[in-house]
Structures are given as C-alpha cells and as structure tokens.
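4 protein chains.
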Amino acid sequence: MSCHILKIDCSDAKGLIYKISDVLYANDLNIEKNDEFVDNENGKFFYRALISGEVDVKKVTTQLQEIMPNDVNINLAKKTRKKVIIMATKESHCLGDLLLKYYSGELNAEVVAVVSNYDYLQELAEKFNVPYHHVSAEGLGRVEHEKRVLEVLKTYPCDYIILAKYMRILTSDFVKEYEERIINIHHSFLPAFIGANPYKQAFIRGVKIIGATAHFVNDNLDEGPIIAQDVINVNHEYSWRDMQRAGRNVEKNVLSHAVELVLEDRVFVHGNKTVIF
Amino acid sequence: MSCHILKIDCSDAKGLIYKISDVLYANDLNIEKNDEFVDNENGKFFYRALISGEVDVKKVTTQLQEIMPNDVNINLAKKTRKKVIIMATKESHCLGDLLLKYYSGELNAEVVAVVSNYDYLQELAEKFNVPYHHVSAEGLGRVEHEKRVLEVLKTYPCDYIILAKYMRILTSDFVKEYEERIINIHHSFLPAFIGANPYKQAFIRGVKIIGATAHFVNDNLDEGPIIAQDVINVNHEYSWRDMQRAGRNVEKNVLSHAVELVLEDRVFVHGNKTVIF
Amino acid sequence: MSCHILKIDCSDAKGLIYKISDVLYANDLNIEKNDEFVDNENGKFFYRALISGEVDVKKVTTQLQEIMPNDVNINLAKKTRKKVIIMATKESHCLGDLLLKYYSGELNAEVVAVVSNYDYLQELAEKFNVPYHHVSAEGLGRVEHEKRVLEVLKTYPCDYIILAKYMRILTSDFVKEYEERIINIHHSFLPAFIGANPYKQAFIRGVKIIGATAHFVNDNLDEGPIIAQDVINVNHEYSWRDMQRAGRNVEKNVLSHAVELVLEDRVFVHGNKTVIF
Amino acid sequence: MSCHILKIDCSDAKGLIYKISDVLYANDLNIEKNDEFVDNENGKFFYRALISGEVDVKKVTTQLQEIMPNDVNINLAKKTRKKVIIMATKESHCLGDLLLKYYSGELNAEVVAVVSNYDYLQELAEKFNVPYHHVSAEGLGRVEHEKRVLEVLKTYPCDYIILAKYMRILTSDFVKEYEERIINIHHSFLPAFIGANPYKQAFIRGVKIIGATAHFVNDNLDEGPIIAQDVINVNHEYSWRDMQRAGRNVEKNVLSHAVELVLEDRVFVHGNKTVIF
Chain A
12 MSCHILKIDC SDAKGLIYKI SDVLYANDLN IEKNDEFVDN ENGKFFYRAL ISGEVDVKKV
72 TTQLQEIMPN DVNINLAKKT RKKVIIMATK ESHCLGDLLL KYYSGELNAE VVAVVSNYDY
132 LQELAEKFNV PYHHVSAEGL GRVEHEKRVL EVLKTYPCDY IILAKYMRIL TSDFVKEYEE
192 RIINIHHSFL PAFIGANPYK QAFIRGVKII GATAHFVNDN LDEGPIIAQD VINVNHEYSW
252 RDMQRAGRNV EKNVLSHAVE LVLEDRVFVH GNKTVIF
Chain B
12 MSCHILKIDC SDAKGLIYKI SDVLYANDLN IEKNDEFVDN ENGKFFYRAL ISGEVDVKKV
72 TTQLQEIMPN DVNINLAKKT RKKVIIMATK ESHCLGDLLL KYYSGELNAE VVAVVSNYDY
132 LQELAEKFNV PYHHVSAEGL GRVEHEKRVL EVLKTYPCDY IILAKYMRIL TSDFVKEYEE
192 RIINIHHSFL PAFIGANPYK QAFIRGVKII GATAHFVNDN LDEGPIIAQD VINVNHEYSW
252 RDMQRAGRNV EKNVLSHAVE LVLEDRVFVH GNKTVIF
Chain C
12 MSCHILKIDC SDAKGLIYKI SDVLYANDLN IEKNDEFVDN ENGKFFYRAL ISGEVDVKKV
72 TTQLQEIMPN DVNINLAKKT RKKVIIMATK ESHCLGDLLL KYYSGELNAE VVAVVSNYDY
132 LQELAEKFNV PYHHVSAEGL GRVEHEKRVL EVLKTYPCDY IILAKYMRIL TSDFVKEYEE
192 RIINIHHSFL PAFIGANPYK QAFIRGVKII GATAHFVNDN LDEGPIIAQD VINVNHEYSW
252 RDMQRAGRNV EKNVLSHAVE LVLEDRVFVH GNKTVIF
Chain D
12 MSCHILKIDC SDAKGLIYKI SDVLYANDLN IEKNDEFVDN ENGKFFYRAL ISGEVDVKKV
72 TTQLQEIMPN DVNINLAKKT RKKVIIMATK ESHCLGDLLL KYYSGELNAE VVAVVSNYDY
132 LQELAEKFNV PYHHVSAEGL GRVEHEKRVL EVLKTYPCDY IILAKYMRIL TSDFVKEYEE
192 RIINIHHSFL PAFIGANPYK QAFIRGVKII GATAHFVNDN LDEGPIIAQD VINVNHEYSW
252 RDMQRAGRNV EKNVLSHAVE LVLEDRVFVH GNKTVIF
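Residue numbers (the numbering used here), protein chains in the order written: chain A, 12 to 288; chain B, 12 to 288; chain C, 12 to 288; chain D, 12 to 288.
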C-alpha cells in the first residue's frame with residue numbers, strides 16, 4: 012500500500028480541516044493520521060496528514076489549491092527515502108552515530124557524501140563506504156572556501172545537509188543555496204552560550220545543566236529555527252573538558268533525533284520557529 | 012465565545028475525520044484543534060476536538076451518531092469546571108499541592124470535600140475552607156468502612172475522586188461506583204514495585220531511578236490505566252526514607268499533571284491503557 | 012547524639028585531608044561523611060564533613076586553624092534549624108510550596124516572616140500563621156522602598172532570605188546587607204533569557220525546553236552563583252502563558268531544592284559559582 | 012605524574028578515613044580526590060581515592076592492611092587501560108556505539124574481541140579491526156554452547172565482558188568464571204519487565220515512560236546489581252516496535268555510561284547493589 016504525506020500551511024480560516032478532509036474523501040483516500048496547529052497570534056494554519064490509498068498527486072493538489080486560501084503551500088508526496096550530505100570537521104561522534112544508523116538501516120536516508128575541511132574523518136566515512144571530500148580551507152578566505160565546498164556539494168543532489176559538528180560559520184550566500192535544508196547541531200542549550208566554545212562559557216558561568224540544540228541554519232549564527240534540544244546535569248566537579256566529553260552524547264542524540272523528524276517530513280519552518288508534528 | 016469539547020471513540024472505518032468535520036461544518040462550527048488516534052491493532056478510533064461557535068449539543072450529537080459506526084461513544088459538552096473529592100490518609104504533600112492550586116485558581120476544578128480515614132489533615136483542608144470528613148476505619152472491616160465512606164461521598168456529587176495518597180485498598184464494589192473516575196497516585200514507577208512500601212522495595216533492589224505513577228483505579232491493585240509517570244535519579248547514599256522524601260515532589264507533580272489532563276477532558280480510557288491528547 | 016557540620020575552604024596544599032582527619036581523630040570525633048573538592052584551576056580546596064561525637068567547637072576550630080593554610084575559612088557548627096524570611100510579590104506557587112513544607116515539617120527551617128510589595132499573599136501567609144508585612148512600593152523610589160523593607164527585615168534575625176518570585180530588582184546596598192544569604196528563583200534556564208518576562212523571550216525564540224534557575228543574588232541581575240536548575244519540554248502548541256503555567260512547577264521545585272541544599276549547609280560560594288556536596 | 016586508584020571496603024569502624032589518610036601521608040602521597048560511603052544498615056565502609064605521587068603499591072597495601080579491620084579488601088593499582096570483550100547477537104546499536112568510542116579514543120579500554128552467536132555483526136566489528144568470533148548455538152544445548160564460547164573467551168585475557176544486547180541467558184557456571192565482571196544492558200527500566208521482550212510488555216501495560224538498565228550479571232536473570240538506568244517518555248502513539256526503536260538510544264547511552272563508570276574503577280558491588288563514586 013502506498014503511503015503519502017500531505018503538508019499544508021496557509022492563513023487560518025474557518026472550515027479548513029473540513030475542506031481538506033472533503034477533498035481527500037472525494038478522492039477515496041484515507042487519513043491514517045493528521046495533525047494540525049493554528050498559530051492564533053499570526054493567523055497561520057499548519058496541517059500534516061499520512062494518507063493511504065491511490066493518490067493522484069497532481070489532481071489532489073489542484074483540488075486543494077482551489078479551495079484553500081490563496082497563500083497556501085501544499086506539499087503532497089510519496090513517503091520516500093531522502094538523500095543527505097553530512098558535513099563535519101574533526102570530531103567523529105555525530106558523524107559516526109549517523110553513519111552507524113545509516114549502516115544498520117535505522118536512518119531513513121541515504122548518506123550520499125561526507126564533506127569536511129579536514130581529512131581526519133576520511134577513514135571513518137570510508138569504513139561505511141561513503142564518499143569523502145576533503146576541502147581544505149587552508150590559505151583560503153571564507154568565500155573562496157565555500158565556493159569550493161559548493162562545487163563538491165553540487166555534484167551530489169540532496170534533500171538536506173547535516174552539519175555534524177562542522178565548525179565553520181556559513182555565509183548568507185551559502186545558506187541561501189540550501190534554504191531551510193541545512194541542519195546544525197550547536198553544543199549548548201541555545202540561546203545560552205551562542206558562538207565559540209559554549210562548554211567553556213558554561214563552565215565559567217557555573218551552570219548545573221548543559222545541553223545541545225539542533226536547528227535549521229539561517230543567516231544569523233545560532234539563531235535559526237530550533238528543531239530539538241536536550242540537556243544533562245553537571246556539577247562543580249566538571250571541568251569544561253568534562254562537560255565537552257559528557258556533552259557529546261547529548262549532541263549526537265539531539266542531532267539524530269532532529270534529523271529523524273526532518274526526514275519524516277514532520278517539521279514546518281515558520282519564521283524563526285518550527286512546528287513539529 | 013462558548014467553547015465545547017467533542018470526544019468520540021468507535022470502531023475504525025474509512026472517512027471518519029471527514030464525516031465528523033462535515034457535520035461540524037454543516038453546523039457552522041469551527042474546529043479550533045483536533046486530535047485523533049487509530050489503534051490499528053484493535054481497530055479503534057479516538058477523536059477529540061475543541062469547537063467554537065454556537066453548538067446545539069443534541070442536534071450535533073444526533074447527526075454524528077447517524078453517520079458514525081454503531082459502537083460510537085460521543086461526548087459533546089461545554090468546557091466546564093468539574094467537581095472533585097480528594098481522599099487522603101496522613102501525608103499532606105499531594106493534598107496540599109492540590110489545595111494550593113485550587114486556592115490560586117490554577118486547578119480547573121472545585122474541591123468539594125476532603126475525605127480521610129484519619130483526622131491528621133483536617134486542619135490543612137480547613138485552612139482552604141474545604142469540608143473535611145474523617146471516616147475512621149478503626150475496628151471496621153473493609154466493606155463496612157467503605158460503606159461509611161460512600162455515604163459521605165454520595166452527599167457530594169462529583170466528577171472525579173482523587174486519591175492523594177489514600178493508603179487503603181478499594182474493593183471492586185467501591186470502584187464500580189466511580190468507574191474510570193478515580194485517579195490514584197502510586198509511589199513507584201509502575202509496574203515496578205506494586206503494593207506496599209515501594210520505596211523500601213526500590214531501596215532493596217538498588218535502583219538508580221525512582222518514580223511515581225498516576226492511574227485510574229480499577230479492580231486490580233496498581234494495574235489500572237496509567238495517565239502519567241515521572242522519575243528522578245537516586246544513588247547509593249539514599250536510604251529508603253531519603254527516597255521517600257525525594258519522591259514526594261515527584262508524586263505531587265505527577266498527580267497534579269494527571270488531574271489536569273483529566274480535567275481538560277484529554278484522557279480516553281481504552282482497556283487498561285489511556286489515549287491522551 | 013549531637014551532630015556537627017564542618018565546612019572548610021582554603022588554598023589547596025598537600026595532606027589537607029590527612030591534617031583535618033588527624034585533628035578530628037585526636038579529638039575522638041568520627042567522620043560520618045566527608046566530601047572534598049579541589050578546584051585545580053584556582054588552587055582552592057573545599058571540604059565538608061558530618062561529624063559525630065562530643066565536639067568542643069572552639070578547641071577543634073583553633074587546632075584546625077593552626078595547621079591549615081593561612082587563608083582558611085572554618086565553619087564548625089551544630090546542625091540546627093535555620094531561620095528564613097520569604098519575600099514574594101503576587102504569585103503564590105513558590106511561597107505556597109515553601110509554606111506547605113514548613114507546615115508539614117519537610118522544610119528544615121523556621122519561616123519567621125513573609126515580606127511583600129503587595130498584599131495579595133497576606134491571606135495565604137496567615138493561613139500558616141506566618142507574620143506578613145506588606146511594604147508597598149507605590150510612589151517610592153527604589154532606595155526609599157528598600158529602606159522600608161530593610162527596616163522590617165531587621166526586626167527578624169534570619170539566616171537566609173528566599174526570594175520566592177519577588178519581582179523587584181535589588182540594589183547593591185541591599186544585597187550587601189545579606190551577602191551570599193539571598194536565594195532567588197529566576198524563571199528561565201539561565202543564562203538564557205536574563206531579565207524581564209523570560210517566558211515571552213523563550214516563546215519568541217521558539218525553544219523546545221524551558222527551565223528555572225535558583226541562585227544566590229549578587230550585584231549583577233541574574234548573574235549570581237547558580238545553586239540548582241531544572242527544565243521541562245515544551246512545543247509549538249505552548250503560548251507564552253502556557254509556558255508560564257507549565258514553568259510554575261519547575262520554579263517551585265527548583266527553589267525548594269536549592270533552599271534544602273542551602274539549609275543543610277551543603278553549598279559553598281566560590282566566585283560566581285557554587286560547590287555543592 | 013603517575014596516578015593510582017585506591018579502593019577499599021571493609022566493616023565500618025571509627026577513624027578509618029584518618030587511618031587511611033595517615034598511611035598515605037606517611038608515604039608522601041597526595042589524595043587528589045576521595046569519596047567514602049558508610050552503609051549504616053550493614054555496617055560497611057567504602058572508600059575510593061585518586062592518589063598522586065610515587066606509590067609503592069606493596070608497601071602501602073601492607074601498611075593499610077595492618078591498620079584496617081580484618082575483613083578489608085584493598086585494591087591499589089595504577090590507572091590503566093582495561094581490556095574488554097564485547098558479546099552481542101544481532102542488533103548493532105550498542106556494539107556500534109562502543110566500537111565508535113573505541114575508535115575515537117573516547118572509550119578508555121581496548122576492545123580485544125567481539126563474540127556473537129550469529130555472524131550478523133562480523134562486518135561491523137571488522138570495520139574497526141576487532142577480531143570477531145561467531146560461535147553458533149544452532150543445534151547445541153546451552154551448556155555445550157557456553158563451553159565453546161568460553162573456549163574463545165579464554166584466548167583473550169580481559170578485565171570485563173560487555174553484553175551489548177547478547178540475547179542468550181547465561182548459566183551460573185558461566186557467570187562464575189567472570190564474577191562481577193560481566194556487564195549487561197537490559198532493555199527495560201528494571202525491575203519492571205524482567206525477561207523476554209520488555210518493550211512488548213511495556214506496550215501492553217501502557218506505560219508512559221520506558222527505560223534501560225545496565226547491571227552486573229549474577230545468577231538470577233535481570234537481578235544483578237544495577238549500575239545505571241535511564242528513561243524516555245512514550246505515549247499511546249508508540250507501537251511496541253516504536254518503543255524498541257526509541258529505546259535503542261537509551262540502551263546504548265546507558266550501557267556506555269555504565270561501562271565508563273566501571274572502567275574508571277568507580278563501582279563497588281555490594282550484595283545485589285552498587286556503590287558508585
């Protein structure tokens with residue numbers, strides 16, 4: 012049985028759920044599961060449904076467009092395995108976790124390439140038969156380096172780019188190429204400790220909890236829409252290196268979880284926030 | 012603006028969401044929020060909606076009944092403040108927390124009475140102007156004691172009975188009088204440590220996490236449908252009395268949370284499980 | 012059997028634990044439990060012990076002083092029930108929780124007074140027979156208001172002041188009067204969302220976790236040494252008022268926990284951090 | 012600078028910490044960190060210290076033995092990298108996580124071999140250059156199979172055996188060979204859901220939290236001393252397979268954490284409990 016996912020967002024109005032249900036019912040489709048959310052403050056409607064039956068994507072989309080508000084975004088597609096590129100720098104824990112899940116079949120995606128500004132992780136990627144591209148930034152300005160990275164990325168059509176502890180800041184131009192398609196893991200409980208070495212910042216501040224945040228990347232460093240966060244307890248015995256060590260598990264778990272949500276088409280981006288069903 | 016809650020459960024079938032939406036739309040009602048769940052294993056459909064507009068309860072219910080499967084349960088009612096009776100024994104933390112929330116307006120219910128097998132908590136209840144009934148069990152068999160308790164309870168029409176550390180086991184007959192309407196807090200992470208003194212059991216077993224479980228009461232001790240659970244970390248330094256002390260906060264928080272869910276009509280009982288929207 | 016608590020901090024040096032143990036042993040005292048921590052970065056030693064036996068406080072203190080580094084702070088005292096003043100504004104949940112624990116005997120302290128800039132909580136304090144002082148800030152400058160508050164506070168000798176959602180910023184001069192003796196609850200996971208209305212800030216940022224932080228108050232708003240923190244999950248369905256509502260339980264639990272740690276003499280303040288045994 | 016770990020357990024008596032400190036001081040050794048715990052109920056004393064300086068292991072041990080109670084166990088050894096064998100069956104997540112940490116240097120141990128009753132994980136182990144032994148149980152009784160497994164294990168001297176989802180029950184005789192040296196991960200929050208398919212049991216019971224437990228293996232299935240536990244929230248939408256999927260992260264994290272504690276010599280076994288510093 013084929014299974015489709017329908018994602019809709021538009022201005023809120025009366026009867027939207029009825030209207031959507033009506034179209035689906037008229038097309039002899041069954042709603043296996045649906046979620047909706049109305050952002051009353053901004054008058055926005057979000058809807059996601061898992062649909063079973065014989066879906067004529069074009070026909071259903073057109074019929075929905077006709078009856079929904081003008082600003083509607085409709086995304087109706089068969090559930091498929093997405094393609095992802097993973098970017099990393101030197102640390103292996105996030106990359107390794109994703110590769111392991113890819114290898115075991117737990118990751119509902121194909122990892123088409125790993126791209127890094129160092130060669131440290133090449134061996135690891137190759138263990139899992141994933142092409143590895145080392146694009147050194149040595150002696151290059153940010154723009155020139157990104158140009159070279161983009162050249163590599165362009166050879167791998169992909170749905171999402173996962174920054175698995177890629178430790179370089181991306182320019183606006185780079186981000187624009189993959190708008191709302193770059194997922195980053197930041198090693199703090201954002202918005203605490205934005206920027207460099209958050210564990211050192213956390214240590215200096217003397218917090219009793221540290222965390223990690225997975226978010227879409229936008230123009231502003233560490234300010235993109237948050238997808239997932241998690242935390243662990245620490246105490247005065249933790250040096251900042253202990254925090255870093257302990258934080259690695261949180262980082263990889265939060266990133267994995269966020270990636271899973273995105274791959275299942277559960278995430279809507281809405282300004283600098285997310286709606287997640 | 013009036014706000015109604017619609018709860019439906021029935022056998023699963025095609026197009027149920029459409030059919031419900033259709034009736035609501037035809038009655039010029041708006042779905043502010045809806046949740047549904049299909050238990051595929053048992054072929055059961057659960058639905059809850061927050062509805063705004065002028066609701067003709069009888070008419071809408073009838074129309075829904077006509078188009079839904081025969082075994083449908085429909086509950087359409089205006090959002091109202093429920094009435095609850097709290098039963099307790101000697102410990103004050105759960106009762107106190109509920110009374111404080113009742114006092115501050117946080118608890119969306121009226122506490123109509125406190126009933127206890129001891130008089131320890133009378134002063135506390137009276138601080139919050141809630142009638143207190145001490146029904147001693149001294150020298151009485153279980154059935155005779157329950158008879159006297161029931162006599163008191165019957166004088167206070169109520170929607171739910173909250174067992175806020177009421178330390179007596181209830182008979183089947185008692186439970187039947189308030190089927191799916193008695194909420195209990197058990198001081199363990201069920202199904203671990205069923206029965207008496209779970210903290211002592213936890214201590215003896217040497218667990219590293221303890222918890223609490225709020226559940227509806229049914230015939231089998233500590234086996235009713237679970238509404239909410241939470242846990243905290245412990246270690247070898249905790250005596251069982253330390254666990255008991257630390258557990259109190261979890262107990263009161265879990266019970267409060269479960270009561271809130273029930274009072275908002277978010278909970279369906281389904282065999283010995285719950286579906287919570 | 013009398014039980015004493017010994018707290019020591021000083022520059023780190025070789026053999027400190029031996030030297031302390033030696034003095035205690037020579038005085039026929041038994042160490043029921045001891046904890047130590049060396050902050051290697053700053054070369055500081057922290058020590059806390061629970062001691063049983065007949066303690067001659069003056070003699071033991073003198074002997075310890077003689078053999079420890081010159082900058083040593085020694086605090087040896089019988090375990091006693093401390094006195095606390097609670098300050099609050101309008102919200103009752105933190106105050107109520109502390110009063111309930113005071114009433115049930117769970118709080119290891121005497122609540123000698125409640126002081127507030129409003130009269131909202133008077134009824135609640137009086138339910139628990141605690142003197143309530145309403146010191147209105149209406150028409151007063153910060154300094155003048157604090158002067159009046161201090162006049163009231165001075166009539167109640169106390170060990171600690173607990174700010175249980177006291178919503179006014181304190182001046183340096185006020186803080187100096189009760190250095191390292193004022194415990195505040197901030198309704199965010201500090202250092203995220205410093206300042207006014209952290210729930211609104213959290214809502215706008217779209218975080219998936221919110222929290223609360225209990226800390227000692229120093230000169231810088233929300234920057235004092237952190238004692239305890241905790242968090243809960245939220246999602247896109249939470250308005251900032253929902254976050255505020257959900258956050259209340261975290262606030263009261265974190266504050267209660269921090270107060271308990273302080274009352275048991277488990278907390279050392281060390282720059283803008285804490286060491287907690 | 013060499014660093015040693017000293018572990019002591021014995022009957023409790025007065026002045027033990029003094030006596031230990033005295034010996035260490037007399038040998039010109041410094042206590043970098045020490046932890047102790049007295050189990051008052053059983054009159055047992057536990058002590059662990061990190062010691063710096065030139066340690067004459069034999070001399071210090073002898074001196075300690077002379078002054079401590081007769082039943083003392085003293086373990087004084089240089090901090091070293093231990094050797095471990097990992098046993099697994101078909102699931103790769105726990106094994107993979109440990110191998111990744113071994114590869115990156117995060118695991119403070121050498122993985123000397125992987126032993127399995129299937130060949131599923133051979134490829135994975137070999138990616139990380141760890142010898143893999145497939146000892147099929149097909150057609151063999153438990154005792155005969157274990158005999159063959161033991162033959163393989165004996166060729167690899169090791170400190171600990173890690174059961175990373177090894178799905179066979181071990182006999183008493185097997186366990187005796189590696190007493191208090193076998194660490195298992197059980198996929199439930201023990202003691203809930205002992206035995207086969209705990210996720211199915213959890214699903215049927217309708218719990219709102221699932222967990223995992225790492226413990227030393229003793230004679231009684233799932234009843235050995237617990238080292239670490241953790242949990243995650245689930246809800247009615249989770250099938251038991253969803254719980255299984257979600258539980259994998261908890262399993263691997265809990266196992267990793269327990270292994271880390273054991274490898275750092277932080278864990279004492281004490282009856283069917285652990286004391287962890």
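Even glycine gets a Cβ: it sits at the ideal position worked out from N, Cα and C.
- Here the segment 24-33 of chain A lies against the segment 78-86 of chain A, with 3 or more beta-carbon pairs under 8 Å apart.
- In the structure shown, residue 288(A) falls within a coil segment according to DSSP collapsed to helix, strand and coil.
- The C-beta separation of residue 194(A) from residue 174(A) comes to about 7 Å, placing the pair in contact by the 8 Å criterion.
- Beta bridge pairing from DSSP links residue 244(A) with 220(A).
- For the C-beta of residue 54(A), not a single chain C residue is nearer than 9 Å; the gap to the nearest is close to 14 Å.
- When DSSP states are grouped into helix, strand and coil, residue 21(D) belongs to the strand group.
- In the structure shown, the three-state DSSP call for residue 90(D) is coil.
- In the structure shown, residue 63(A) falls within a strand segment according to DSSP collapsed to helix, strand and coil.
- Taken through DSSP and simplified to helix, strand or coil, residue 105(C) comes out as helix.
- The beta-bridge partner set that DSSP reports for residue 268(D) is empty.
- For residue 127(B), the uninterrupted beta strand (DSSP E) run begins and ends at 120-127, by DSSP.
- With distances taken between CA atoms, residue 16(C) lies nearest to 40(C) out of 261(C), 144(C), 40(C) and 258(C).
- In this structure residue 158(B) does not touch residue 100(B) by the C-beta definition: roughly 18 Å separates them, more than the 8 Å allowed.
- For residue 40(D), no pairing in a beta bridge is given by DSSP.
- Chain-ordered, the chain B residues with CB closer than 7 Å to the CB of residue 138(C) read 138.
- For residue 47(C), DSSP records a beta bridge to 58(C).
- The Cβ atoms of residue 154(D) and residue 186(D) lie no closer than 8 Å to each other.
- With respect to the 8 Å criterion, residue 192(C) and residue 210(C) are not classified as neighbours on the basis of their beta carbons.
- Using a C-beta cut-off of 8 Å, the segment 194-205 of chain B makes contact with the segment 213-233 of chain B, since at least three inter-stretch Cβ pairs fall below that distance.
- 246, 247 and 248: these are the residues of the segment 246-264 of chain A whose beta carbon lies less than 7 Å from some beta carbon of chain C, given in chain order.
- With the rule of 3 Cβ pairs closer than 8 Å, the segment 102-116 of chain C counts as touching the segment 264-279 of chain C.
- Taking one beta carbon from each stretch, the segment 278-288 of chain B and the segment 43-61 of chain B have 3 or more pairs nearer than 8 Å; the two touch.
- According to the DSSP assignment, residue 174(A) belongs to the beta strand (DSSP E) that extends over 171-174.
- Approximately 6 Å separates the beta-carbon atoms of residue 218(C) and residue 237(A); this is inside 8 Å, confirming the contact.
- Spatial neighbours of residue 70(C) in its own chain (CB-CB distance under 8 Å, excluding positions within 5 residues in sequence) are listed in chain order as 38.
- For residue 98(C), the three-state secondary structure derived from DSSP is strand.
- In the assembly as shown, residue 68(B) is an exposed residue. Its beta-carbon has fewer than 16 other beta-carbons within 10 Å.
- Rounded to whole angstroms, the gap between the alpha carbons of residue 128(C) and residue 141(B) is 29 Å.
- At least one C-beta of chain A is nearer than 8 Å to the C-beta of residue 107(D).
- By alpha-carbon distance to residue 162(D), the top candidate from 188(D), 137(D), 65(D) and 261(D) is 188(D).
- Membership of residue 156(B) in the alpha helix (DSSP H) is indicated by the continuous run 153-165.
- At least one beta carbon of chain C lies nearer than 8 Å to the beta carbon of residue 103(B).
- Sixteen is the threshold: since fewer than 16 other Cβ atoms of the shown chains lie within 10 Å of the Cβ of residue 165(D), the residue is exposed.
- In this structure, residue 43(B) places its C-beta atom within 8 Å of the C-beta atom of residue 62(B).
- For residue 185(D), the uninterrupted alpha helix (DSSP H) segment begins and ends at 183-188.
- Contact check for residue 34(A) against residue 87(A) fails: the beta carbons are separated by 8 Å or more.
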